[in-house]
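In the UniProt record's numbering, the protein residues as written are 1 to 767. Don't be surprised by glycine CBs; every beta carbon is placed ideally from N, CA and C.
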C-alpha cells in the first residue's frame with residue numbers, strides 16, 4: 001500500500017515520541033505548489049509560539065526535498081563559482097593518485113579537476129534546473145575523493161537536514177563472531193528477546209548501510225562504523241548517534257524507513273526534516289527566494305582592496321590562553337571518573353579497576369582540537385590538551401604499578417598538527433618524530449613560492465626581538481614566514497635547510513610524481529618557537545620554549561597498545577603513524593563491515609594538513625601585498641590563478657565559510673618509501689580486529705579490558721592477533737576484501753553515486 005500525503009507538521013525536536021512509527025510500509029509523495037513558501041508559513045507559525053524558540057522545526061522530508069528541487073539557479077553565476085572554486089581545489093595534493101590509484105585502492109578512479117571543468121561547462125550551457133542539483137553534483141564529485149580534508153558545505157545542502165528516528169548498532173555475540181545490525185534502543189532496553197535488522201526498505205540491511213556509508217570516510221570499514229552507534233564518539237561530538245540516523249550530505253531518506261527484523265516483523269519509522277531556530281528566512285516564498293537567501297552572497301569588496309592584517313590572525317601566546325582556561329565550565333563528555341581530564345573534552349586518563357587490570361592505564365585521546373563551543377573553549381584547547389597529558393604522565397610517575405598503557409583513539413577526527421608530535425615526545429622522548437610531508441605545486445603555488453623567495457629576509461624572517469615575543473610579529477610576516485611554500489622555514493628530511501625555492505637543493509626541485517609537480521619531502525621545524533606558536537599556538541614538548549624539560553620514557557613499546565574504531569583521521573593519523581612506524585606499537589581496531597578480514601586502524605584521511613580556503617586566500621592576499629616581488633613574467637598568471645583575489649560568487653551566507661572549507665594541503669610520505677605513495681593510498685591493517693559486543697558497544701571500560709586481554713593475555717581476535725605481522729608499506733595486505741565493486745555485484749560493498757541517488761529521489765517524487 002502507499003502512504004497518503006500527510007499535512008505539514010511542526011514537532012519539537014526534544015519530543016522523540018512525536019516522530020512515531022506508522023502502520024504503512026512505503027514512502028509517500030507530496031506535491032505542493034511553492035513548497036519553500038509552504039515551509040516559510042509553517043516556520044513563522046511555529047516560532048510565533050515563544051515556547052518553541054529553542055526547538056528545531058520538524059516536517060516531512062518529501063516537502064523539504066520538493067523545496068530543494070525547486071531552488072532557483074543562475075547558471076552563469078554557477079559556472080563562475082565552479083571556476084573560482086577550482087582555483088582552491090588545485091591545491092589538493094592527491095589529484096594524480098585519484099585519477100590513477102594503486103591497484104589495491106578500494107574505490108574507482110576520479111578526475112576531480114576534470115570533473116569541475118565538466119560541471120562548469122554544463123552550468124555555462126544552462127544545464128542545471130536547480131541550485132540543489134548543481135550542489136548535489138558538486139558534492140558527489142568532491143566526496144568521491146574520500147578525502148576528509150576536502151570539504152565544502154555547498155550552500156543549498158546546508159539549509160535543511162534529515163534524520164531518521166532510530167540509531168543502529170553493529171553487535172557481535174562475543175566480539176569475535178560476525179556482527180549483526182540491531183536497533184540501539186533494543187540493546188539499551190537490555191531485552192533477551194531482540195531480533196536483528198535484516199532489511200531496510202526491502203533491501204539487505206548491511207548493504208544499505210554500506211551504500212550510504214561509502215561517502216563518509218576513506219576506509220569502507222571505518223565508514224560502516226561511522227554509520228552506527230558508538231560510545232567512542234561521545235567525547236568528540238557529544239553524541240553516540242551514527243550517520244544512518246543523522247543523515248549526511250542531504251541524502252533524501254524518504255518520509256519513512258521500513259525496518260524488517262529477523263522474526264519477520266516489518267516496522268515503518270517516520271523520518272523527518274528539520275530546520276534549527278533562527279536559520280530560515282520566513283520571507284522565502286519560492287525556490288528563487290530560497291537560493292537568494294542561502295546561496296547568493298551580498299556584494300563584497302575584492303579581498304585585494306584590504307590589508308592582509310584584516311584577515312590573518314596573529315599568534316596567541318600560551319600564557320594568555322592559560323589565564324582564561326577556567327572561566328567557563330563545559331559538560332564532562334568522558335565517562336566514569338578519570339584520573340585526569342581535559343576540561344575541553346579532548347583527553348582523559350584512567351586507571352583500570354579490578355585485580356586483573358591493576359597494572360593497566362588508559363589514555364583516551366578523543367580529539368587533537370575540540371572546537372565545538374558547546375563542549376570547549378576554542379581559545380584554550382591547545383594548552384588544556386598539553387596540561388592534561390602532562391598531568392596524566394605525572395600521575396603515572398606516582399603510580400609505578402601501572403606498567404601498561406592503552407591509547408584509545410576512538411572517535412578522534414584530528415585537529416592541531418603539532419600536538420601529535422608533542423604527545424609522541426612525551427611517550428618516546430628519545431625518538432625524533434619523522435613526519436615528512438610534501439605539497440602539490442600548481443601554477444599558483446609556484447608563483448607563491450617564487451614570490452616569497454624573492455621577498456627580502458627582513459620582511460619574512462622574524463627578528464630576535466620578535467622571536468622573544470611572537471605576538472609582536474606582523475600578520476603579513478607571519479603569513480609569509482609560516483607558509484608551507486616558504487623554503488626558509490621547512491627542513492629537509494635530514495633536518496637541514498633548503499637553499500631556495502627551486503633548484504637541486506630547493507624546496508621545489510621540482511619533485512615529479514605520476515606526472516604531477518610536488519615539493520620535495522620536508523619536515524616541520526619543531527624547534528622553531530615562532531613557527532610552532534604561529535602555526536598551532538604551542539611550544540612542542542622536548543624542544544626550546546615553555547616545554548623544554550623532559551622526563552624518562554614512561555613505558556617500553558611492548559607495554560603500549562593502540563585502540564581505534566577506524567575513525568582516526570588527520571592529526572590522529574599522524575600520531576598513530578609515528579607510534580606504529582617509529583616506535584613499533586601494535587594496534588587493535590574494533591567494528592567495521594561484517595567480514596573476517598583485516599581492517600585499517602586509521603580509516604580517516606591520512607593527509608598531514610587540512611588547508612582551509614581562508615588560509616589559502618590569506619596567503620594569496622599576502623603575496624598580492626608583496627606584488628613588487630612577483631616575477632614580472634608571472635604577473636598575468638598570478639591575477640588569473642591565485643585563489644581569493646575574486647570573491648566566490650556563491651556560497652554559505654556566512655563570513656566564516658572559507659574557514660571551514662578546505663583541501664588536503666600536504667601528503668604524509670613514510671620514511672623509506674621509494675615509490676613516494678601518499679599514506680592515503682596505502683592499506684595498513686591493524687594487528688588485531690574485533691567487533692563490538694552487546695557489552696562493549698555500550699561500555700568503553702569493557703572494551704578496554706578486552707583490549708588488555710588481547711594485548712597481554714593472549715585474547716582472541718576476529719582477524720589477526722596482537723603478534724600478527726602486517727604489511728604497512730603499500731603492498732596491499734587484505735586488498736581482496738578492500739575492493740568495492742562499481743555495480744551489479746552481490747558483494748557487501750557497492751559504490752553508489754550521489755547523482756544517481758538524486759536521480760532516484762526525483763523519480764520517487766514523480767511516482
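When secondary structure is reduced to three states using DSSP, residue 476 falls in the helix class. Taking residue 219 as reference, the option from 716, 589, 718 and 71 with the minimal CA-CA separation is 589. Here the alpha carbons of residue 571 and residue 708 stand approximately 25 Å from one another.
Judged by DSSP in its simplified three-state form, residue 341 adopts strand.
Here residue 291 has 71, 72 and 131 as same chain residues with Cβ atoms under 6 Å from its own Cβ, once five neighbours each way along the sequence are excluded.
Residue state for residue 372 is assigned as coil, using DSSP reduced to three classes. Nearest to residue 713 by alpha-carbon distance, out of 236, 477 and 360, is 360. Within 10 angstroms of the beta-carbon of residue 193 lie fewer than 16 other beta-carbons, which makes it exposed.
When Cβ pairs closer than 8 Å are counted between the two stretches, the region 364-372 is seen to touch the region 393-412, the count reaching three or more. Residue 528 and residue 253 have their C-alpha atoms some 51 Å from each other. Around the Cβ of residue 425, a 10 Å sphere holds 16 or more other Cβ atoms; the residue is buried. A contact is defined here as three or more CB-CB pairs under 8 Å, and the region 216-230 meets this definition with respect to the region 136-152.
For residue 688, the pairing in a beta bridge is given by DSSP as 588 and 720. Residue environment analysis places residue 174 among the exposed positions, since fewer than 16 neighbouring C-beta atoms fall within 10 angstroms of its C-beta. Spatial neighbours of residue 401 in its own chain (CB-CB distance under 7 Å, excluding positions within 5 residues in sequence) are listed in chain order as 358 and 359. Short of 6 Å from the beta carbon of residue 229, and not among the five residues preceding or following it, lie these beta carbons of its own chain, in chain order: 167, 169, 184, 240 and 242. Fully contained in the region 691-716 are the following alpha helix (DSSP H) runs of length 4 or more, in chain order: 700-712. Assignment of residue 404 by DSSP, reduced to helix, strand and coil, places it in the strand class. Pairwise C-beta distances place the region 588-606 in contact with the region 689-699, as three or more of them are shorter than 8 Å. In the pairwise beta carbon analysis, the region 258-271 is classified as touching the region 186-202: at least three pairs are separated by under 8 Å. For the options 450, 716, 289 and 464, the alpha carbon positioned closest to that of residue 503 is the one of 450. For residue 180, the beta-bridge partners assigned by DSSP are 171.
Fully contained in the UniProt domain "CPAF-like PDZ" (162-276) are the following alpha helix (DSSP H) runs of length 4 or more, in chain order: 184-188, 205-213, 220-227 and 234-237.
With a 10 Å radius around the Cβ and a threshold of 16 neighbouring Cβ atoms, residue 347 comes out buried.
In the displayed model, residue 390 falls within a helix according to three-state DSSP.
Here residue 674 is exposed: its Cβ has fewer than 16 other Cβ atoms, across all protein chains shown, within 10 Å.
At the C-beta level, residue 637 and residue 443 come within 8 Å of one another. Residue nearest to residue 485 within the set 343, 492 and 445 is 445 (criterion: CA-CA distance). Pairing residue 569 with residue 501 gives a Cβ-Cβ distance that is not under 8 Å. Shown here, residue 516 sits in a strand according to DSSP, grouped into three states.
Here residue 530 is near residue 473, since their CB atoms are less than 8 Å apart. With fewer than 16 other Cβ atoms inside 10 Å of its own Cβ, residue 397 counts as exposed. Here residue 139 is buried. Its C-beta has 16 or more other C-beta atoms within 10 Å.
Residue nearest to residue 657 within the set 152, 464 and 423 is 152 (criterion: CA-CA distance). In the structure shown, residue 469 adopts coil according to DSSP, grouped into three states. Linking residue 286 to residue 67 through their CA atoms gives a straight-line distance of about 8 Å.
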